[in-house]
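Structure first, commentary second.
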Amino acid sequence: MPPNLTGYYCFVSQKNMEDYLQALNINVALRKIALLLKPDKEIDHQGNHMTVKTLSTFRNYILEFEVGVEFEEDLRIVDGRKCQTIVTWEEEQLVCVQKGEVPNRGWRHWLEGEQLHLELTARDAVCKQVFRKVK
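Numbering (the working numbering), first residue to last: 839 to 973.
If you want it as structure tokens, here you go:
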């Protein structure tokens, strides 16, 4: 049975964010801003319904979905694109596939103790972030 990811998580670290942003063709100015951010994550997980909030001082992004149901995701706030998205469970990892202009785009979340791990992919770039559960 998949873990319940409900909680508030504070940013701890990230690796390779600049390569990930370049793979998304994010302009230099926005990349510089994004690299300074230390976003928090707030997740509400109720059965197959989930809300994942990425919260920062610059911009917030809220993703609400049903696990296993494909939907159109509006990523204009992130990189000006829309894509077809599906989020499923693979063992104990929540896996998102985003089909659109950017190949191999998506992410996966999983827990290790009180840490929430996030791996972001776009093209050949892989960014890893770690968050610590605070409530």
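The beta-carbon is built from N, C-alpha and C at its ideal position, and this holds for glycine as well. It should be emphasised that the depicted structure is a prediction, and the values quoted were computed from it without experimental measurement.
Could you check how far apart the C-beta atoms of leucine 958 and tryptophan 945 are, in whole angstroms? I think they sit under 8 Å. Along the sequence shown, one-based indexing puts residue 958 at 120. Along the sequence shown, one-based indexing puts residue 945 at 107. Their Cβ separation, rounded to whole angstroms, is 5 Å, which keeps leucine 958 and tryptophan 945 in contact under 8 Å.
What do you get for alanine 963, buried or exposed, if any count of 16 or more other CB atoms within 10 angstroms of its CB means buried? In the sequence shown, residue 963 corresponds to position 125, counting from 1. Classification of alanine 963: buried, given that the 10 Å Cβ count is 16 or more.
Looking at C-beta atoms only, is the number of pairs between the segment 890-905 and the segment 858-867 that lie closer than 8 Å three or more? no
Tell me where the alpha helix (DSSP H) around isoleucine 900 begins and ends. Here residue 900 corresponds to residue number 62 of the sequence shown, with the count starting at 1. Boundaries for isoleucine 900: no alpha helix (DSSP H) harbours it, while the beta strand (DSSP E) harbouring it runs 899-904, taken from the DSSP string.
Coarse secondary structure for leucine 862, derived from DSSP in three states: Within the sequence shown, residue 862 is the residue found at index 24, counting from 1. Secondary structure of leucine 862 (DSSP, three-state): coil.
Only counting the same chain, and skipping five residues up and downstream in sequence, which positions put a Cβ closer than 7 Å to that of histidine 887? Taking the sequence shown and counting its residues from 1, the one referred to as residue 887 is at position 49. The beta carbon of histidine 887 sits closer than 7 Å to those of Glu904, all from its chain and outside the five residues before and after it, given in chain order.
Does the beta-carbon of isoleucine 915 have 16 or more other beta-carbons within 10 angstroms, so that it is buried, or is it exposed? Residue numbering aside, residue 915 sits at position 77 when the sequence shown is read from its first letter. Flag for isoleucine 915 reads exposed.
Closer than 6 Å: is that where the CB of valine 925 sits relative to any heavy atom of the ligand ADP? No copy of the ligand ADP occurs in the structure displayed, which carries no ligand at all.
Could you check whether glutamine 931 and aspartate 923 sit closer than 7 Å to each other, using their CB atoms as the reference points? Locating residue 923 in the sequence shown gives position 85, where the first residue counts as 1. Locating residue 931 in the sequence shown gives position 93, where the first residue counts as 1. It is threonine, not aspartate, that sits at residue 923 in the sequence shown. No, Cβ-Cβ distance for threonine 923 and glutamine 931 is not below 7 Å.
DSSP three-state call for methionine 855: helix, strand or coil? As a working mapping, residue 855 is identified with position 17 in the sequence shown. The answer is helix: DSSP assigns methionine 855 an H, G or I state.
Distance, glutamate 929 Cα to aspartate 882 Cα: Counting from 1 along the sequence shown, the entry for residue 882 is found at position 44. Counting from 1 along the sequence shown, the entry for residue 929 is found at position 91. For aspartate 882 and glutamate 929, the distance between alpha carbons rounds to 19 Å.
3 or more residues per run - each beta strand (DSSP E) lying fully within the segment 940-969: 943-950, 953-960
Would you call glutamate 950 buried or exposed, if buried means 16 or more other Cβ atoms sit within 10 Å of its Cβ? Indexing the sequence shown from 1 puts residue 950 at position 112. Per the 10 Å Cβ criterion, exposed.
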